[in-house]
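Written below as structure tokens is the structure these notes are about.
Residue numbers (the UniProt record's numbering): 1 to 109.
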């Protein structure tokens, strides 16, 4: 397993992600063995996760905020009372990309 995938799995655990959410986020089939090589889309998802984590680490000093942000519901109109983790757990790559952009934009506010 690659270092970045190991890092992503650690991050997902810290975000209190359920196994089913992790499968949806990484677009893994629960009925298939873990892939030896990730698809292009799965690599993109790994990159989004690493970028989100990096951005949150830049935005927040407290590790509880860094890891808690994704699992906490937000009143922000973008999230409509849901947590970012809920949104990316839909497995929709477009939603995932938008959450990544939204969090990235928070760095400059």
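Glycine included, C-beta positions come from ideal geometry on N, C-alpha and C.
Practice problem: Could you tell me whether the region 21 to 29 touches the region 53 to 67, where touching means 3 or more Cβ pairs closer than 8 Å? | Solution: Cβ pair count under 8 Å is below three, so no.
Residue 92 to residue 84 span [Cα, whole Å] = Between residue 92 and residue 84, the C-alpha separation is close to 13 Å.
Review point. Nearest-angstrom Cα distance between residue 125 and residue 52?
Key: With the chain covering 1 to 109 only, the question about residue 125 has no answer from this structure.
Could you give the residue range of the alpha helix (DSSP H) that holds residue 106?
-> Per DSSP, residue 106 belongs to the alpha helix (DSSP H) from 93 to 106.
message = For the alpha helix (DSSP H) containing residue 43, name the first residue and the last one.
response = Start and end: 40 to 59.
* Using CA coordinates, which residue listed in 73, 56, 81, 39 is at the minimum distance from residue 101? -> Minimum Cα distance to residue 101 is reached at 56.
Looking at the structure shown, is residue 35 part of a helix, part of a strand, or coil, going by DSSP?
-> Residue 35: coil per DSSP, three-state reduction.
- Item | C-beta atoms of residue 54 and residue 16 nearer than 9 Å | No. Outside cutoff.
Count the other CB atoms, across all protein chains shown, that sit within 10 Å of the CB of residue 45; report buried if there are 16 or more and exposed otherwise.
The residue is buried, with at least 16 neighbouring Cβ atoms inside 10 Å.
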